[in-house]
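Asks: In UniProt numbering, the protein residues as written are 1 to 699. For every residue, glycine included, the Cβ atom is placed at its ideal position computed from N, Cα and C.
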Amino acid sequence: MSNSKQAAQSTPASDVRLQTVTGRIPVTGVQPVVQDGRFPAKAVVGEDVPVRATVFGEGHDAVRATVRLLDPSGAEVQRVHMRPGRPGLDEFLATLRPSETGVHHFVVEGWHDPVGTWLHAATVKLAAGVDVELMLAEGAALFRAAAEDAERSAQDRAAFEETARVLADEGLVPAQRLAGAESAELAAVLGARPLREHVTSSELLPLDVQRELAGRGGWYEFFPRSEGARFDEAAGTWSSGTFTTAARRLPAVARMGFQVVYLPPIHPIGTAHRKGPNNTLTAGPQDPGSPWAIGAAEGGHDAVHPDLGTLADFEDFVAAAADEGLEVALDLALQCSPDHPWVAEHPEWFTTRVDGTIAYAENPPKKYQDIYPLNFDNDPEGLAQAVLEVVQGWVGRGVHIFRVDNPHTKPLWFWEWLIARVRAEEPRVVFLAEAFTRPAMMHALGTVGFQQSYGYFTWRNTAAELAEYLEEISHETPAFYRPNFFVNTPDILTEYLQHGGPGAFRIRAVVAALANPLWGVYAGYELFEHVARPGAEESIDNEKYEYRPRDWEGAEAAGASLAPYLTRLNEIRAAHPALRDLQNLTLHRSTHQDLLVFSKTRTARPEGEHRDAEAVTDAGAHEDTVITVVTVNPHHVAEATLDLDLSALRLRPEDLDESGSFEVEDLLTGQRWRWGRTPYVRLDPHVEPAHVLRVVRHG
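1. In terms of residues, what are the limits of the beta strand (DSSP E) holding His-105?
2. Quick one: grab the DSSP three-state call for Val-687.
3. Bridge partners of Tyr-360, per DSSP?
4. Just how far apart, CA to CA, sit Val-616 and Thr-245?
5. Residue range of the alpha helix (DSSP H) that Ile-25 falls in?
6. With respect to the beta strand (DSSP E) encompassing Phe-231, which residues constitute its N-terminal and C-terminal limits?
7. Could you tell me whether the segment 307-322 touches the segment 344-353, using the rule of 3 or more Cβ pairs below 8 Å?
8. With a threshold of 6 Å on Cβ separation, who are the neighbours of Ala-62 within its own chain once the five nearest residues in sequence on each side are excluded?
9. Answer with buried or exposed for Lys-366, where buried requires no fewer than 16 other C-beta atoms within 10 angstroms of its C-beta.
10. If you run the structure through DSSP and keep just helix, strand and coil, what is Val-531?
11. Using three-state DSSP, classify Val-45 as helix, strand or coil.
12. May I ask which residues mark the beginning and end of the beta strand (DSSP E) holding Thr-447?
13. Which first and last residues belong to the alpha helix (DSSP H) in which Met-423 is found?
14. I'd like to know whether the C-beta atoms of Leu-642 and Val-597 end up nearer to each other than 8 Å.
15. Counting along the chain, where does the alpha helix (DSSP H) carrying Gly-500 start and finish?
16. Can you find at least 3 beta carbon pairs, one from the segment 483-490 and one from the segment 451-458, that sit closer than 8 Å?
17. Return the Cβ separation of Val-77 and Leu-69 in integer angstroms, given the expectation that the two are a contact with Cβ distance under 8 Å.
18. Locate the alpha helix (DSSP H) running through Ile-401, then write down its first and last residues.
19. Cutting at 7 Å between CB atoms, please list the residues of its own chain near Ile-492, excluding the five before and the five after it.
20. State whether the segment 207-217 contacts the segment 506-514, with contact taken as three or more CB pairs (one from each stretch) at a distance under 8 Å.
21. According to the neighbour-count rule (16 or more other Cβ atoms, all chains shown, within 10 Å of its Cβ), is Ser-599 buried or exposed?
22. Please report how far the alpha carbon of Glu-241 lies from the alpha carbon of His-305, in whole angstroms.
23. Secondary structure at Arg-580, three-state DSSP: helix, strand or coil?
24. Between which residues of its own chain and Val-103 is the CB-CB distance below 8 Å, once the five residues before and five after are set aside?
25. Please state the DSSP three-state secondary structure of Arg-674.
26. Have a look at the DSSP bridge pairing and note the partners of residue 705.
27. In angstroms with no decimal places, state the Cα-to-Cα distance between His-530 and Cys-336.
28. Tell me whether His-686 is buried or exposed, calling it buried when 16 or more other Cβ atoms sit within 10 Å of its Cβ.
29. Mind pulling the beta strand (DSSP E) runs of 3 or more residues that sit fully within the segment 36-98?
30. Does the structure place the segment 274-292 close enough to the segment 246-257 that three or more beta carbon pairs sit under 8 Å?
31. Here's the rule I'm using: 16 or more other beta-carbon atoms within 10 Å means buried, otherwise exposed. How should Gly-559 be labelled?
32. Sort out for me which residues DSSP pairs Ile-269 with in a bridge.
33. With distances taken Cα to Cα, identify the nearest neighbour of Thr-489 among Glu-162, Arg-423, Arg-403.
34. Can you find a CB in chain D that lies within less than 8 Å of the CB of Val-354?
35. For Met-441 and Phe-480, what's the separation of their Cα atoms in angstroms?
36. Take Leu-263 as the anchor and find which of Ile-473, Asp-331, Phe-505 has the nearest alpha-carbon.
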């Protein structure tokens, strides 16, 4: 006898059961989960959170699954029966929609469905004339036992008793008796509160539900020093814009439909190695320098530039933004000019080279001689505490959103610690990672706490590139990584925008605003600013190094502004719930390589439906579906036939006519058409590069 057989015979059955990891109904592959639950998956209030799991059992018994959502106190707030996914893979799917902030948990339960198992066997055997009376008797016994459950409502028990009575009624033919187990009344009871056996649970998995602006919203970036800046030609001098003059721009930003106004650093700017226009190494007396060269005699990260005003003026600016329905996002750039107080007070917080000089920032071929990066290796506790105090100070002044400059150049442990500390004191705080770097680091920053990130969208230009990227960010990485689609930045003016003309600006705005609930615009985009500094991927006369006042009203009056178009896109976003989620995107095919086609659908459910019912049905629900068809070639007309996935559009029979077509309305032009599965489109980027279509539903 082998050793393995001896061991098996000498182990009591009860001990074998205790030693197993697998439950009675295995539940595996649960998503969303981040690093086996060590970090919570991301969500925002009201977001549809897809849940997926593999649930199976031995033999041919019917297996089903349920997902339960527990609020931060541990109380169950949603219970949703999961639907089967891809055939043959034992996949189950469901959607949770959390309604409050805080770290929730969810659990997937697999269970045996005794009614489904019996009904399938009974249907097959009665059709074959095999064991007819035995199958009916077993069904009657099943429902009699269910009717004795004291925890069931009187209505449930009555339905079970009636079903058992019909199944046992020999005065009816077998088909009539079996029909008693398929009544609408019983289906409603079992749909809401099914009979469940061998319930097996997955581990509790965390889901961090945050406020809407953590995962939804439009950002608008502008330099406050440019808003209201004036040049005195007689004196040859500039006067800076201030927080007061910059506040005059806020109503226009709000009218365009943005929710966040993002300010580059507002702190004192150093004079040592100050950069001049277009990043030249020599600055004149009127050159304001780069706001990212933080720190001067007037103070560091906790101070404001005296040209902009006082701390009280800044607080007034924050209040003015709030009056317009805007939140202020502040730049958190952990770097210093050579004049920053920290350089003299804490030289250990910087990197000293072998020649005794402090290392300045470089991003080859770019050099930033006016900036010293921070080094967390020499005094990590002291430096971390100093940064925490800076953030706490701005939070105390009403700032709850931070755009973090180059976080990938700082250690991950620091961000995990800082974000956790700040959010423990003020859960509303949101951090956006400006991290154009390798995927592993970008994803890791999201994992340890950053709610948003810049991403690769800026350099995805073809329809194939965009489709691949949209598939990735909407279905592969949203549990830990949420990109904000900025169409441009002070550092980034892509060749696509440089040479694509006005059509290119419209195209990028359409994709950014409608494919992703997070998008951003840097001032000047609406004026089609497209001339680059020679040899660089950034605007000529870059605002990073000089004042750049703009005639917003004049451009709009002359019809030379994209602001009305951006406004319309934001209006569409606000009006259509489908566009507020990330993970509900479906890509569709076309016969033209330049066309990008995607749709988003969201179910509007009655208030409280998740909270009180085990089963979420479509009773009283309606679907919001938006189809976007956009040519990504800004130079040429595109004509094509589309191939739409009609199931993703969730069309009902009453939405279709006799030919199977349905009605769509273009939200940009107001035109209406009848579409089928393969509609024809023609898009001219010089006129209108996109259709943004609402599926018109009837009944």
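Replies: Per the coordinate set shown:
1. That run of the beta strand (DSSP E) goes 102-112.
2. coil
3. According to DSSP, which records beta bridges pairwise, Tyr-360 is partnered with nothing at all.
4. With a pLDDT of 36 at Val-616, under the threshold of 50, the modelled position of this residue cannot be trusted; read the value that follows with caution. Val-616 and Thr-245: Cα-Cα distance of roughly 52 Å.
5. Neither: Ile-25 is in no alpha helix (DSSP H) and is coded neither H nor E.
6. 230-232
7. no
8. Asp-113, Gly-116, Thr-117
9. Classification for Lys-366: exposed.
10. Val-531: coil per DSSP, three-state reduction.
11. coil
12. Run containing Thr-447: none in the beta strand (DSSP E); it sits in the alpha helix (DSSP H), 439-448.
13. One point to set straight first is that residue 423 is Arg, not Met, in the sequence displayed. Note, Arg-423: alpha helix (DSSP H), 412-425.
14. yes
15. Unbroken run through Gly-500: none, as it is neither H nor E.
16. yes
17. 6 Å
18. Here Ile-401 belongs to no alpha helix (DSSP H); instead the beta strand (DSSP E) covers 401-405.
19. Thr-458, Glu-537, Glu-538
20. no
21. buried
22. Note that residue 241 corresponds to Gly in the displayed sequence, not to Glu. One C-alpha to the other measures close to 11 Å.
23. Here DSSP, grouped into helix, strand and coil, assigns Arg-580 to helix.
24. Pro-40, Pro-72, Pro-206, Leu-207, Asp-208, Val-209
25. strand
26. Past the edges of the chain, shown from 1 to 699, lies residue 705, and the structure says nothing about it.
27. 31 Å
28. exposed
29. Note on the segment 36-98: whole beta strand (DSSP E) runs with a minimum of 3 residues are 41-44, 49-55, 63-70, 76-81, 91-96, in chain order.
30. Output reads no: the segment 274-292 does not touch the segment 246-257.
31. exposed
32. Ile-294
33. Arg-403
34. The chain labelled as chain D is not found in the depicted structure, where only one protein chain is given.
35. 12 Å
36. Asp-331
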